[in-house]
Ligand SMILES: [Zn+2]
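In the working numbering, the protein residues as written are 3 to 252.
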């Protein structure tokens with residue numbers, strides 16, 4: 003791994019040391035690629051924290067144009083960005099926060115083949131879409147390519163993370179044999195989106211830099227409405243259609 007430059011060392015000086023990252027860990031971050039899709043209420047703060055922490059390459063996928071209801075939570079957007087394509091706006095914001103990282107915007111949500119190709123190019127996937135279909139697609143790409151996956155979800159004032167080490171811990175389809183109910187315009191408060199996205203980023207930073215104990219195989223939930231946090235150990239399902247014995251051809 004190439005050494006960090008003096009400018010980079012200065013930038014990251016507050017996060018290198020006891021209880022945070024090692025110098026090697028910081029270098030590992032710089033040599034890493036993370037995929038964040040989508041980059042709205044949860045994925046936006048996640049991408050921002052990864053950029054500021056010094057993840058070397060960020061692939062940020064989000065289609066469509068910024069609209070007013072996005073601005074209760076999509077921190078990479080702005081009043082000036084209303085009506086403009088989200089991906090380019092978000093990438094410009096991220097680049098403006100850290101000149102040491104590369105940002106690759108994608109102005110669409112990846113399909114099955116694209117998700118596979120992207121997963122193969124990255125070291126961690128932060129799955130932050132609103133639809134279960136997209137979450138399943140990213141789970142599939144993660145399991146096939148063996149790429150660590152952080153699945154982030156939100157509803158109202160509750161945020162949930164599932165951290166998957168493919169082949170070793172439960173995947174999303176182990177946890178949800180059938181899709182949960184979906185609302186197109188579900189309620190959500192920006193503060194929980196941002197908190198959930200930031201915690202997803204923290205897990206990614208830990209995984210990429212080999213720091214601390216990632217939430218492998220666990221579901222972490224913060225129910226902000228009732229003020230309760232829980233972390234549940236998840237079990238793999240041998241008959242899981244995605245990562246079970248039959249799926250592996252065993
Ligand atoms: Zn599974």
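Heads up, the beta-carbon is just placed ideally off N, CA and C, and yes, glycines get one too. Computed from a predicted structure; not experimentally measured.
Could you give the first and the last residue of the continuous alpha helix (DSSP H) run that contains residue 192? 192–211
So, for residue 66: in the same chain, excluding its five sequence neighbours on each side, which residues have a beta-carbon less than 7 Å away from its beta-carbon? 88
Below 8 Å, is the gap between the Cβ of residue 145 and the nearest heavy atom of ligand 1? yes
Count the C-beta pairs between the segment 57–76 and the segment 95–109 that are closer than 8 Å, then say yes if the count reaches three, no if not. yes
With which residues is residue 222 paired in a DSSP beta bridge? 163 and 233
Taking the C-alpha atoms as reference points, what is the distance between residue 127 and residue 3? 22 Å
To the nearest angstrom, report how far apart residue 44 and residue 152 are at their CA atoms. 12 Å
If you draw a straight line from the C-alpha of residue 100 to the C-alpha of residue 248, how long is it? 45 Å
State the start and end residues of the unbroken beta strand (DSSP E) segment that holds residue 153. 151–157
Between which two residues does the alpha helix (DSSP H) harbouring residue 171 extend? Counting along the chain, residue 171 falls outside any alpha helix (DSSP H), and DSSP gives it neither H nor E.
Look at residue 163 and residue 117 and say whether their C-beta atoms are less than 9 Å apart. no
How would you label residue 103, buried or exposed, when you count the other beta carbons within 10 angstroms and need 16 or more for buried? buried
Assigned secondary structure, residue 24 (DSSP; H/G/I helix, E/B strand, else coil): coil
With a threshold of 8 Å, establish whether the CB of residue 238 neighbours any heavy atom of ligand 1. yes
What first and last residue would you give for the alpha helix (DSSP H) that runs through residue 250? Per DSSP, residue 250 belongs to no alpha helix (DSSP H) and is neither H nor E.
Here's a check: name, in chain order, each residue in its chain whose Cβ is nearer than 6 Å to the Cβ of residue 211, leaving out the five neighbours to either side. 23, 27, 30 and 31
Using 8 Å as the cut-off, classify the Cβ of residue 172 as near or not near the heavy atoms of ligand 1, replying yes or no. yes
What are the boundary residues of the beta strand (DSSP E) that includes residue 267? Missing from the structure shown is residue 267; the chain here goes from 3 to 252 and no further.
Looking at C-beta atoms only, is the number of pairs between the segment 133–142 and the segment 230–243 that lie closer than 8 Å three or more? no
Please indicate yes or no: does the CB of residue 33 lie closer than 8 Å to some heavy atom of ligand 1? no
Under 9 Å between C-beta atoms of residue 158 and residue 227: yes
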